[in-house]
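Participant: Have a look at this one before I ask anything.
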Amino acid sequence: MFLFDDVRPYRDQIGRVLGLLDGDKRWAYSLWRAPKGLNIDEIDRDQYPQAYLQSAGTAQAMTIEVRYIEADGIARQYVVGRAPGDYAIEPSVRMPYNNGSRHLDLYPNEVFTSEEATEIYYQYFLTDRVPDQYLLRLINQWE
Numbered sequence: 000m001f002l003f004d005d006v007r008p009y010r011d012q013i014g015r016v017l018g019l020l021d022g023d024k025r026w027a028y029s030l031w032r033a034p035k036g037l038n039i040d041e042i043d044r045d046q047y048p049q050a051y052l053q054s055a056g057t058a059q060a061m062t063i064e065v066r067y068i069e070a071d072g073i074a075r076q077y078v079v080g081r082a083p084g085d086y087a088i089e090p091s092v093r094m095p096y097n098n099g100s101r102h103l104d105l106y107p108n109e110v111f112t113s114e115e116a117t118e119i120y121y122q123y124f125l126t127d128r129v130p131d132q133y134l135l136r137l138i139n140q141w142e
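Below, the structure is given as structure tokens:
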């Protein structure tokens, strides 16, 4: 989905899509910036997106993950969480998605509603960064 602000503001578009997540037919959303100067059909999907924000779950309970290409050139993916976070124990929330065929194990501070997620997505849309007040738990990296 492309974001255009001629029908409704960007924040409202993001919030609407996140609010439609049902964990079944609509269970994921991702936001990434297309390379400048390319049309969508010209984008090499083996190369892009390299950095993105994505969610899985429902409008009532979803995870948010971000993938950055760090200054050292390594791609790292993180789960976003609210501070404070207690990571001394194993994750205690099992979040099913894709009609229950898959699941994620999360900490309670890593579960968001669509309203909370909308603000994070909107800030990412503006800055390509998750706001600083959120915690990032590393889950994967690619060199």
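Sequential numbering of the sequence shown, starting at 0, is according to numbering that gives the first Met the number 0. Yeah, the Cβ is synthetic: ideal placement off N, Cα and C, and Gly gets one too.
Please determine, among Tyr133, Leu134, Thr117, Leu19, the residue with the shortest C-alpha to C-alpha distance to Arg10.
Facilitator: Closest option to Arg10, Cα to Cα, is Thr117.
Participant: Identify every residue that forms a DSSP beta bridge with Thr57.
Facilitator: For Thr57, which the question treats as bridged, DSSP gives the partners Asp21.
Participant: Taking the alpha carbon of Val65 as the point to measure from, which residue in Ala50, Thr57, Gln59 has its own alpha carbon closest?
Facilitator: Val65 has its Cα closest to that of Ala50, out of Ala50, Thr57, Gln59.
Participant: For Asp11, which three-state DSSP category applies?
Facilitator: If DSSP states are grouped into helix, strand and coil, Asp11 belongs with the helices.
Participant: Counting along the chain, where does the beta strand (DSSP E) carrying Gln76 start and finish?
Facilitator: Segment 74–81, the beta strand (DSSP E) holding Gln76.
Participant: For Thr126, count the other beta carbons within 10 Å of its own beta carbon; 16 or more makes it buried, fewer makes it exposed. Which is it?
Facilitator: By the 10 Å Cβ count, Thr126 comes out exposed.
Participant: What are the partner residues of Arg66, as DSSP defines its beta bridges?
Facilitator: Tyr51, Gln76.
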